[in-house]
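For reference, the structure discussed in these notes is given below.
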Amino acid sequence: MARPRKRKEIFALGNEAVVEGALLAGCSFYGGYPITPSSEIMEIMAARLPLTEDGVFIQLEDEIASMGAIIGASLAGRKVLTATSGPGFSLMQENLGYAIMAETPMVLVNVMRGGPSTGLPTSPAQGDVQQARWGTHGDHPIIVLSASNVQECLDMTITAFNMAEKYRTPVILLLDEVTAHTREKIEIPNPGEFEVFSRTVPSMPPEWYKPYEETVRGVPPMPPLGSGYRFHVTGLVHDRNGFPTQRPEEIVELLERLHRKIDQFFYDIQLVDTIETADADVVVIAYGSVARSAELAVRQARENGVRAGLLKLKTLFPYPRRQTEKVLAHARTLVVPEMNMGQMSREVKRVNMGRASVRTINRIDGQIVTPSEILKVIMQG
Amino acid sequence: MKQQQQLHRFEIRFSGLGGQGIITLGRVMGQGLALGHGYNVTQTQSYGPEARGGSSRCDLVISSEPISYPKAESLDLLVALSQEACNAYYPYLKPGGALVLESDLVKQPPTNRFLGLPFTSLARDKVGVAQAMNTVVLGALSHLLPFISQSVMRKSLESSLPAKIRAVNVKAFNLGHRLAKKEWGDDAGEVWRVEDSERD
Amino acid sequence: MANKKKGKSKITVYPDWCKGCGICVEFCPGRVLELSSQGKATVVREQDCIRCGFCELHCPDFAIVVQDKDFVEADKLPRRRSAKTTDKGE
Amino acid sequence: MNEITGNEIIHQYLRHNKKFPHVLCAGCGHGIVLGTLIRAIHTLAIPKDDVVIVAGIGCSGRLAVYVDFNTVHTTHGRALTFATGIKMANPKLNVICIMGDGDALSIGGNHLIHAARRNIGVTALILNNNIYGMTGGQSSPATPEGSTTMTNPYGQLDASFDTVALARGAGANYVARGTVFHVKRLEKIMVEAISRPGFSVVEAITPCHTQYGRKNRYKTPVDMYKWLKKAAVPIDRYEEMTEEQRTDRLPIGVFVAEDRSGFEERYLSLQAQMRAKGGK
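The listed protein sequences derive, respectively, from chains A, B, C and D. In terms of this note's numbering, the first sequence has 337 at position 340, counting the first letter as 1, and numbering is strictly consecutive. In terms of this note's numbering, the second sequence has 277 at position 67, counting the first letter as 1, and numbering is strictly consecutive. In terms of this note's numbering, the third sequence has 655 at position 49, counting the first letter as 1, and numbering is strictly consecutive. In terms of this note's numbering, the fourth sequence has 244 at position 239, counting the first letter as 1, and numbering is strictly consecutive.
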């Protein structure tokens, strides 16, 4: 692995790494409202963006306004970010739906803390997983990513921006308090060492532009406001010209395309890491900081002669079904440790369809699931 | 850089009162070990009300291998800068682990096996700045822990500080290092060096 | 300004766009307009128009156009040339 | 007289691929406001491409779809938040927010006061019809005390907001009120509102006979316009009136007109300053 240039190393918080990743991905607009434990993302953006050429930072009056502002900025051509936690994520659901409907690229980082309601502001949890999937009303596709260590916070933020731009959709990055508040050494990749994708813009004369036209990828090109392509953006179900419609065939065409533009690219979107799963009898399926505990538990189990493996989910939704089925080919037991009452294990069970026995480990006391807890369940087989 | 000593999850907890600079201490040391010495390090800390009021806590996990679980569970070294912190976290010290105390503030040590120095009065009287107490601790630990190179850590410290407080802190760092060597002896941390070379 | 222009207007009402709200009929100082049996505004006394512009400005549906008669007749057609447009794209 | 005037101007700004007449009720003043806005933009000679109309939800929200500008129809009450993002992302654009009274004063009240406090360079056009029209005539914060609505069948108990006082109190740079009866005056106000720096609030009184009038003694649209003609008094005359004379009268005109620079301008100059210094 020859590296032409040495990468800069920093000792950074997970939240700090999100900022580094966002800036590398081309983010030039942050709108937000502070909330523990995500505030460092906002604070660092407040310090960094005004020093860049065209970076805009704005603190809004609440999380609803934060979403409105970043959607507006995205429509005006910016790559945009907001970050929040717990109650703030609930407030963002309204305009999250708008961003899906109006196909507005944006990245929303939710640093999960204990809930419901104000809950446990400074303790980790993974209780927003199903909210990330279904929090906004109506049938909708969504991309939800996750990161389990500080380097991944950087890498997955870049990935989130790329997916948002590529698929013209909001992407949620779910972190938890442990990942966000751990400091670790990370490498900042050099330009050219990672992909940066920017939304496709129309390449025809404005009069011929149909803002929501069917394309092969299902993703129509998107011009920035004010660039000569005048069109109508709305949260109502709309036709190819962007105008509201109630005609059944146009409703179906739009909503099906919104799903299809994600569904046909599962291979690009569904990201996992595997550790020792090739021959594993017992496979732990974990994400976020709990995946770190799981990794240690799997290694200890191997030392104790149990063929254990880890399927680490970096994409939570759309749920990586194929990768799960691969481990199901030989796994007798699936272990799903989570800091919630079993939100991701629902997905695992849905895919498992009774093939392996699914053991869940659930903690809701504001503490991370420890390696020893997971090891105990692995050893029970 | 000389050959890095092999470490397998060495866990340190810094604890004490809010305002003693505990988090900064952990962060500076973590940064020095991660960037200067090339170890894998995870640093976590107490947040929220805990970090504002009474007690403060900052953990480091240091390892030659990638660190999976980032939190400290079983401490190799506990640094207690207040009686409450000492009482609260002593039970997490692993058998054979070391306890470093602020000897003026921890009047009732839970054990006779500890290493103490009056860090606060040293900073106030010998450096002239009481707030430099955490840097005195850093200097002392740079002597105690055999896998820390004093010069590398000092350089890392300097690079993380604004110019106007750099000189004071270097003075505090050197003082801590010198006194630890004098009071605790040359081989105070030898236990870790031996253990690790045996493991390899 | 009004009297000088009396009798010099050409008034067009687009019945498709008129919803028959009656605002133009009610407030026209010359009583130029009436509601037809279909409920649409129609021009009945064009010669009395003083071109105050009220009906045009207050038609919520942009259905009334008042023009200079001489000018329109000189052009033969209702004008469709593009105005002093400020549109970059056109 | 060779200039194109009146509605012929407006026709050039309407979207030709939209079906007219628009969806609003016969006699609804919203169309008049839209026409007035178009004339103001035409007067200012702003290219269509440089205008962004951001609308909320409700009858007023439907206006955006008919005009050939960049148009964004947002969520209920949130138009100003979208507008803030658009203006900050591209300060060159003329961003005009069209909101209703329920939209701007109730669900979006927080955004209105903060947009004013921030003095973001956006024009807020609040179409006040005293009611939630689109959804069937429920009370809004601008429904006059004592009047009858679907959600206050026995009479509105709470006092209504004074939009002008609210906007002024929150720090808006320019605050004015007009009516759809006094169109020329409203047009002048809009021209000024759009050309000023910072945050401008224009309250346009635009009666809803369908949902408000019929329940409150105004049987036809014409009745409502007669009421407007009678009730509206220019601010200077209103100020000379006795308390008694002021009963049921509505002051119109310009209430605040300052020239404080908008948030986006202040941000850009801060950015230039920080960059010149090379960071902190």
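Quick reminder that beta carbons are idealized off the backbone N, C-alpha and C, glycines included.
Taken through DSSP and simplified to helix, strand or coil, A:T271 comes out as strand. Contacts with chain B at 8 Å (Cβ-Cβ) do not include A:I185. In the three-state DSSP reduction, D:R182 falls in the strand class (E or B). Spanning the alpha carbons of A:L78 and A:F194 requires a straight line of approximately 15 Å. For the segment 39 to 53 of chain A, the residues whose beta carbon sits under 9 Å from a beta carbon of chain D are, in order, A44, L46, P47, L48, T49, E50, D51, G52 and V53.
Contact annotation: in the segment 42 to 57 of chain D, residues whose CB is within less than 9 Å of a CB in chain A are K53, D54, D55, V56 and V57. CA-to-CA, the gap between A:L172 and B:P328 works out to about 41 Å. Linking A:P31 to A:T81 through their CA atoms gives a straight-line distance of about 7 Å.
A:P368 carries a helical assignment under DSSP once its states are collapsed to helix, strand and coil. Under the Cβ criterion (8 Å, minimum of three pairs), the segment 80 to 89 of chain D counts as touching the segment 110 to 119 of chain D. In the DSSP assignment, D:C213 falls outside any beta strand (DSSP E), carrying neither H nor E. In the displayed model, A:R196 falls within coil according to three-state DSSP, outside both helix and strand.
In the structure shown, the three-state DSSP call for C:V638 is coil. When 7 Å is used as the limit between beta carbons, A:E6 is near these residues of chain B: L245, in chain order.
At least one beta carbon of chain B lies nearer than 8 Å to the beta carbon of A:I365.
In this structure A:I266 is in contact with A:M160, their Cβ atoms being roughly 6 Å apart against a cut-off of 8 Å.
When CB distances to chain B are screened at a threshold of 7 Å, the residues of the segment 10 to 37 of chain A falling below it are T33 and P34, in chain order.
A Cβ-Cβ contact shorter than 8 Å links D:N134 with D:D106.
Taking a Cβ-Cβ threshold of 9 Å, none of the residues of chain D is close to C:E679; the smallest such distance is about 13 Å. The beta carbon of A:K5 lies closer than 6 Å to those of I185 in the same chain, with the five residues before and after it left out. Under the DSSP assignment, D:I101 falls in the beta strand (DSSP E) whose first and last residues are N99 to G105. Cβ neighbours of D:F25 within its own chain (closer than 8 Å, five residues either side excluded): L19 and Y71. Against chain D, the beta carbon of C:E632 has neighbours under 7 Å at V227, listed in chain order. Counting every other CB atom within 10 Å of its CB across the protein chains shown gives D:M246 a total below 16, marking it as exposed. Note on geometry: alpha-carbon atoms of A:I61 and C:Y620 lie some 44 Å from one another.
Secondary structure in the segment 238 to 320 of chain A: the beta strand (DSSP E) runs of 3 residues or longer, each lying completely within the stretch, are 269 to 272, 279 to 283, 305 to 310 and 312 to 314 in chain order. Non-local C-beta neighbours of A:G116 in its own chain, meaning closer than 7 Å and more than five positions away in sequence, comprise G83 and R110, ordered along the chain. In terms of Cβ geometry, A:G11 and A:V234 do not form a close pair [threshold 8 Å].
At least one CB of chain D lies nearer than 8 Å to the CB of C:L663. CA-CA distance, A:G74 to A:L255, rounds to 20 Å. Only R237, G240, Q241 and A244 from the segment 231 to 244 of chain B bring a Cβ to less than 8 Å from some Cβ of chain A. Just so you know, the alpha carbons of C:Q653 and D:S200 end up roughly 39 Å apart. In this structure, A:I7 sits away from A:I282, with a CB-CB distance that is not shorter than 8 Å. At least one CB atom of chain C sits nearer than 8 Å to the CB of D:Y230. In this structure, the beta-carbon distance from A:V106 to A:S35 falls below 8 Å. Sequence-ordered contacts of the segment 67 to 89 of chain D with chain A read R67, A69, V70, D73, F74, N75, T76, V77, H78, T79, T80, H81, G82, R83, A84, L85, T86, F87, A88 and T89 [C-beta pairs closer than 9 Å].
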